[in-house]
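Notes follow once the structure below has been shown.
Residue numbers (our numbering), protein chains in the order written: chain A, 9 to 303; chain B, 468 to 705; chain C, 307 to 926.
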């Protein structure tokens, strides 16, 4: 019995990563109908920055995180202004997607040059990732608990912004009907910038917090990006909470599959899920067909 | 001059010119109708005034400022508010959120004031304020759409085909209420297919056909027999 | 003695195609000769520059993969980021076949192609369900996960350390690597480019290009879009696997890690940088990606920066890649030279009426077709009934007008008839055949031809190609024959070119045959939309606002031509129009819709005097 709980917890922890990245992807897709291919690499760089500063440059952990987040936000701002904005006017999504591919390659190379191909040291305050509590037969890692808390906090903050602030309202309106939103006085460029920055910050948090779990190697966030995408597909890509739920679900499915299925199948699980969802319910598990989605 | 002045307006979609040089004047506080069969280009004119489209030629002046090609959000700040065709409420947002959007970027006090006004005029909106706007009936959505305009405190109000898809009795009611909903000195340009109703409320009108103005007159001259407009609309003699 | 073809003041019986000097499809064109020459050059030099053997090999392989990607991405427009899964299939099949089965290229190549083809059909399936955006990510996921699967499938792939590749053999003859391998690769490249080029010139390429630029219109022309999408993945995959086999032999070792996401992205980048519509683009892209690192060690370190940066810059300023830039330069230079001369083709004054030409005359029919029965058509969007129980019967061969105020449901009714709107109920019977349940392209094949309110033309294709597109459905040659440009393929293509030219001539479009449609003025674009529909030889032609945006005189002229043609083939015409004057002038009968229901149905005189109609338009 405890075995199940352990596996379920394990699945939940990875699920948090997928949920967060899924959220980041859906956010950008909902407002701009763009898929950000650079999301994984961007999250990875945030993680590298924070831990590099904290572990190798002896910066206090909190300060390192703060700086990393600021850099992430600023960098995204620049990328959005320089590359996304000019292409949005064209109306065709394809160039923008291709451009994010270019950004991905570019950033991946930057990361490689700066930090090299071998895994880097990460810093966990108080080394609490070595602390494991035993509750009966159930082992709870302290850092995993931190991850869980961080996820909840992040989701709450994003939820607050989307649902309780005027900016969030603008973003929601814009996602539903661009022209009508403009007629209400909502500025397209403002919504666009904030969506990208917010999405990047969520990715950044994920990259930083999961570095000790996944280890800081080159492209470590790429697999999370893929699974975040699967999470978004499960959720229907137009529902923020659907993306989150999809991530958690994927984490659980994965954890149990690894336990009982042959290794090749477990590795192929994400793609299998994509195929199945597309076959049976292409608009996602958590959205109704005619898009009266709840955020 | 706090009115709207459009001179020699030409608008195109891609290579296709849809409006071929149109002159429209609406004096401050006047209520003017823009009539015509569908496909005539009426909505295109409104979209251009609101900044969703850019004129290829010609000028649009409001309140003394040239506004052709301005960003839509800047125009909203200037008080140019449109009630769009088909209502265009945000279906996934609830009624109250739809109303809040109309106050975007403005002070929260204005919102409180606006909500009070709107709920008094349309109590059913208050009743359903937490319901998704997509679930409202056509008439209720029109109430919502008009309410958004009320909250935005327009100086120049553009209404696009209020009658579209609504039961005639309901439309009559809305027209009768218009004077009540907006202040007397609001400048109004009303696009409508239904000439009869529009003429009762507006003092002057223009008729658009295939992107060109074919007739303009005082409503008084046609108010008793709108069918005389038929040839202007259809281009076919009765 | 002047050549009769160029004397226009003499009575001439030449065909439209000859008058407009449209080049006929040939077995080999100029490009083929240049390509062949280029490959021959490298072939002969392969022995001399052996220190560059590896790089040349890599370039060739990349060019082959690029060509295979042109099929999927350049032509059919499916952005796939998992293309290297097919390369990987080729690599590992090769490794296994040469070591375990100890066979040579004669086995490796067909099996690699075959397996990858089938794999492609499977991978292509999501393209039917999701938009292009999702597809890009879905294929990205496939690439990523594909590598993981390979890792785990140790039997097949040798796990992380990979598998060695056996000897390079062909029918028992063993070859050493080096120049020979390069030569073999060149031959394979020749074949691959030949096949892809043949598709570009044939109906499959036209179909792919059509579905890329406007799926809606492609379906309306009778193209089986779903199958075409899956097919492009199959063929593209199979060709990519050939590259994989070559990789196997040049690296002599197959490692899963090499064929993952990174390579997938680079392959797409290379093609985009080179130019995704031309085979030359595949070559330029391959050269860019494989020779740049040769310039210096530093470049190797900054690969991602350079590729990524180049890609970003190109998307912003030159979306058609290097090839596009060169073509653009070429155009400018040509324009400078031709400034003084008249750029249009010489006068193409008709001497023989196109309808009487040997190509269009056979299409004449005295048997009227196009009878359409609509029973209880209904379409609901959300709670709104856009079309609410419309019924009418149109006799074969008649011209019927459909008018009504905004939101009356006219275009929606059209879409219900042609199948372009989901959730329509009711019965539609065309010439006695019930089409209510058929998908769009089958309805088109049953005889429905239509134009669109917003044209839905195919950017990138020229006017002639639009006409050919309509004719494609009647072509009988198979796709395998097309790959190798068999004689009967050429014959049918030539004939189609003649017919298309006559059609263009009839609609007064002949002199613009080579222009890209996006460069044409609006009025001409509308005519191209019509030509495309006419070329399908419809039983009934559905015209959606053909006069919108046109001055009345031009509209009337066009309608005259359309009617003439419709009479020629005895097809019916159903036309939506706002210009009541126009419709009244051309129709035998007018149906009036209001709020989704029919409110009048009679002769133009009856209808324009009908009080209900006047009220509906004026709203009293």
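For each residue, glycine too, the CB sits at the ideal point set by N, CA and C.
For residue i, name the three-state secondary structure that DSSP assigns.
i: residue 468 of chain B; result: Note that residue 468 of chain B scores 48 on pLDDT, short of 50, meaning its location in the model is unreliable and no value can be drawn from it.
i: residue 534 of chain B; result: coil
i: residue 103 of chain A; result: helix
i: residue 498 of chain B; result: strand
i: residue 23 of chain A; result: helix
i: residue 515 of chain C; result: helix
i: residue 140 of chain A; result: strand
i: residue 470 of chain C; result: strand
i: residue 282 of chain C; result: Limits of chain C in this structure are 307 at one end and 926 at the other, which puts residue 282 of chain C out of reach.
i: residue 690 of chain B; result: coil
i: residue 504 of chain C; result: helix
i: residue 561 of chain B; result: strand
i: residue 420 of chain C; result: helix
i: residue 903 of chain C; result: strand
i: residue 149 of chain A; result: strand
i: residue 598 of chain B; result: coil
i: residue 415 of chain B; result: Missing from the structure shown is residue 415 of chain B; chain B here goes from 468 to 705 and no further.
Under 8 angstroms Cβ-Cβ, which residues of chain D neighbour residue i?
i: residue 608 of chain C; result: No chain D appears in the structure shown, which is made up of the protein chains A, B and C.
Is there a Cβ from chain C that is less than 8 angstroms from the Cβ of residue i?
i: residue 561 of chain B; result: no
i: residue 485 of chain B; result: yes
i: residue 1 of chain A; result: The structure shown does not extend to residue 1 of chain A, since chain A spans only 9 to 303, so no value can be given for it.
i: residue 511 of chain B; result: no
i: residue 68 of chain A; result: no
i: residue 213 of chain A; result: no
i: residue 276 of chain A; result: yes
i: residue 694 of chain B; result: yes
Just reading off the beta strand (DSSP E) that residue i is part of, what are its end residues?
i: residue 272 of chain A; result: Per DSSP, residue 272 of chain A belongs to no beta strand (DSSP E); it is in the alpha helix (DSSP H), 271-288.
i: residue 805 of chain C; result: Counting along the chain, residue 805 of chain C falls outside any beta strand (DSSP E), though it belongs to the alpha helix (DSSP H) covering 793-812.
i: residue 824 of chain C; result: It is not in any beta strand (DSSP E) - residue 824 of chain C carries neither H nor E in the DSSP assignment.
Hey, is residue i's beta-carbon within less than 8 angstroms of any beta-carbon in chain B?
i: residue 181 of chain A; result: yes
i: residue 828 of chain C; result: yes
i: residue 40 of chain A; result: no
i: residue 20 of chain A; result: no
List, in order along the chain, the chain B residues whose C-beta lies closer than 7 angstroms to that of residue i?
i: residue 193 of chain A; result: 540, 543, 544, 571 and 572
i: residue 690 of chain C; result: 632
Grab the span of the alpha helix (DSSP H) containing residue i for me, first residue to last.
i: residue 558 of chain C; result: Neither: residue 558 of chain C is in no alpha helix (DSSP H) and is coded neither H nor E.
i: residue 337 of chain C; result: 336-351
i: residue 691 of chain C; result: Here residue 691 of chain C belongs to no alpha helix (DSSP H); instead the beta strand (DSSP E) covers 690-700.
i: residue 581 of chain B; result: 575-588
i: residue 491 of chain B; result: No alpha helix (DSSP H) contains residue 491 of chain B, which is instead part of the beta strand (DSSP E) from 483-493.
i: residue 405 of chain C; result: 390-405
So with Cβ pairs under 8 angstroms, would you call residue i a contact of chain A?
i: residue 519 of chain B; result: yes
i: residue 613 of chain C; result: yes
i: residue 455 of chain C; result: yes
Would you mind telling me which residues of chain A sit closer than 7 angstroms to residue i, beta carbon to beta carbon, in chain order?
i: residue 439 of chain C; result: 43, 101 and 105
So residue i contacts chain A; which residues on that side make the cut at Cβ distance below 9 angstroms?
i: residue 660 of chain C; result: Per Cβ cutoff of 9 angstroms: no residues; residue 660 of chain C is ~37 angstroms from chain A at best.
i: residue 563 of chain C; result: Result: empty, since nearest Cβ-Cβ is about 12 angstroms, beyond 9 angstroms.
Show which residues of chain C have a CB atom less than 8 angstroms away from the CB atom of residue i.
i: residue 96 of chain A; result: In chain order: nothing, as chain C lies at least about 12 angstroms away.
i: residue 231 of chain A; result: 450
Cβ closer than 8 angstroms: which chain B residues qualify as neighbours of residue i?
i: residue 254 of chain A; result: Here the premise fails: no neighbours, minimum Cβ distance about 19 angstroms.
Counting only Cβ pairs nearer than 9 angstroms, list the residues of chain C close to residue i.
i: residue 515 of chain B; result: Those do not exist, as residue 515 of chain B stays about 16 angstroms from chain C at its closest Cβ, beyond 9 angstroms.
i: residue 223 of chain A; result: Chain C residues near residue 223 of chain A: none, gap ~17 angstroms exceeds 9 angstroms.
Which bits of chain B does residue i rub up against, with CB to CB less than 9 angstroms?
i: residue 178 of chain A; result: 568, 571 and 572
* **Unbroken stretches of the alpha helix (DSSP H), 4 residues or longer, contained in the stretch 718-771 of chain C** => 746-752
* Going along the chain, which unbroken runs of the alpha helix (DSSP H) with 4 or more residues stay wholly within the stretch 855-884 of chain C? -> 858-875
* **Residue ranges of each alpha helix (DSSP H) within the stretch 610-680 of chain B, 4 or longer** => 635-648 and 662-668
* At which residue ranges does the stretch 44-95 of chain A contain complete alpha helix (DSSP H) runs of 4 or more residues, listed in the order of the chain? -> 47-59 and 69-87
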